[in-house]
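Residue numbers for the sequence shown follow this note's numbering, so the first one is 809 and each next one is one higher.
Where is the CB? At the ideal position from N, CA and C, for every residue including glycine.
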Amino acid sequence: MNSGISGRGRTRSRSASTDSSRSYTSSLATKHAPERISSHSELLPIRYSGETNTETDRHVRIVPFKRKVYSVSHGASPADFAQYEWIIKHGATDKWYEQPSLAVQKQMVVMDEAGCLPDDFLCALEQPVPLSLPVPKVWASAALVTPTDDDIYDCIAGHSVDPEFAGACHRCTDERAEALEKCSLIYFVVMSTFQAFDNIYRGTTSATGTGKTIYKVVKCGRREAAASEAFYAAGINGWNVVFSCVRREGDRGKKVTRVDELWKMAEKPRDGQELRVFY
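Put into structure tokens, the structure is as follows:
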């Protein structure tokens, strides 16, 4: 009898162990499963100043398109802008380009500053065949996630009666948001993928195609439109979103000046020699 009781005890123990293993495996799968999203506002959520833990990586699945996407949200530097300045300044919308050599890019800068760079100097690919990547990468940069009504903390107008108040100034926030809304801003979204070997590979998934990276730029008038373009490019087409920035329409200067906060784009330029860019 003792042997039978012992046997039944071992059976229950084995069953409990199996259930525990299944539960652990299930929790691991849930923990590492891609976040399921279905809109551009979920892929590129608005980020206000003062929020913590803003530089996070995400592995998401765009449910309507059945596409996995890797999203990063680290900050940008002038070196990032310099890498794509050639297409931001001189690329035509919705055309694909190969990146010029550094020597050609330097030549473009010199000619542009001298005012003698032809409009057709940068040649688009005649027969682009962009590959659809299995897991495209989207850079959720400041240009794509900063709202026009971003919180303003550096109030110097004395709107608060409490000198110790350290929060956002709602009056400054509203005033600067209204000023931005009256501006005409241009949002640039730079996309990349690989050139395929042949037209038969158009839109299909491959590792590198010919191995040549190709780029195109899309220009929009509002952040929401730019975010939608990025969402569609990654979700439907499987293309990377490698850079984005904002400039004010009408700025004609040659010297690029980085603006560290979006609301400053509403300020009048100090002179006509600078091209202000937020990224």
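When you compare the CB positions of residue i and residue j, do they come within less than 9 Å of one another, or not?
i	j	result
residue 930	residue 883	no
residue 994	residue 1054	yes
residue 894	residue 1022	no
residue 954	residue 1084	no
residue 1025	residue 946	no
residue 1039	residue 951	no
residue 866	residue 843	yes
residue 1047	residue 940	yes
residue 979	residue 1071	no
residue 944	residue 877	yes
residue 1020	residue 850	no
residue 981	residue 1031	no
Which same chain residues end up closer than 8 Å to residue i when comparing Cβ atoms and leaving out the 5 residues on each side of it in sequence?
i	result
residue 1033	995
residue 1059	1077, 1082, 1083 and 1084
I think residue i touches residue j, with their Cβ atoms under 8 Å apart; what is that distance to the nearest whole Å?
i	j	result
residue 1036	residue 848	5 Å
residue 1052	residue 958	The Cβ separation is near 16 Å, so there is no contact.
residue 881	residue 922	Wrong, their Cβ atoms sit about 38 Å apart, outside the cutoff.
residue 845	residue 868	5 Å
My output table needs one value for residue i: the three-state DSSP class, helix, strand or coil.
i	result
residue 882	coil
residue 849	helix
residue 895	helix
residue 1047	coil
residue 981	helix
residue 1083	strand
residue 754	This structure cannot settle anything about residue 754, because the visible part of the chain is limited to 809 through 1087.
residue 990	helix
residue 837	Unreliable positioning characterises residue 837 in this predicted model, as indicated by a pLDDT of 49, which lies under 50. The coordinate reading is nonetheless provided below. Residue 837: helix per DSSP, three-state reduction.
residue 947	strand
residue 1027	strand
residue 1072	helix
Which residues bound the beta strand (DSSP E) around residue i?
i	result
residue 993	993-1002
residue 868	866-870
Going by beta carbon distance, what residues of the same chain come within less than 7 Å of residue i, once the five residues before and after it are set aside?
i	result
residue 991	1056, 1073 and 1074
residue 1041	999, 1047 and 1049
residue 902	1024 and 1026
residue 932	900, 903, 904 and 905
residue 909	none
Excluding the five sequence neighbours on either side, which residues of its own chain have a C-beta within less than 6 Å of the C-beta of residue i, listed in chain order?
i	result
residue 873	1043 and 1044
residue 1093	Outside the shown range of the chain, which is 809 to 1087, sits residue 1093, and nothing can be said about it.
residue 1081	1061 and 1063
residue 892	998 and 1051
residue 919	925
residue 1065	1082 and 1084
residue 809	Note that residue 809 scores a pLDDT of 47, beneath 50, so its modelled location is shaky; the value from the coordinates is reported in the next line. The answer is none, since no qualifying residue turns up.
Start and end of the alpha helix (DSSP H) containing residue i?
i	result
residue 1040	1031-1040
residue 952	950-953
residue 918	910-922
Closer than 8 Å to a non-hydrogen atom of the ligand HEM - does that hold for the CB of residue i?
i	result
residue 874	Ligands are entirely absent from the displayed structure, and the ligand HEM is therefore not among its contents.
Between residue i and chain D, is any beta-carbon pair separated by less than 9 Å?
i	result
residue 1081	Any reference to chain D falls outside this structure, which holds one protein chain only.
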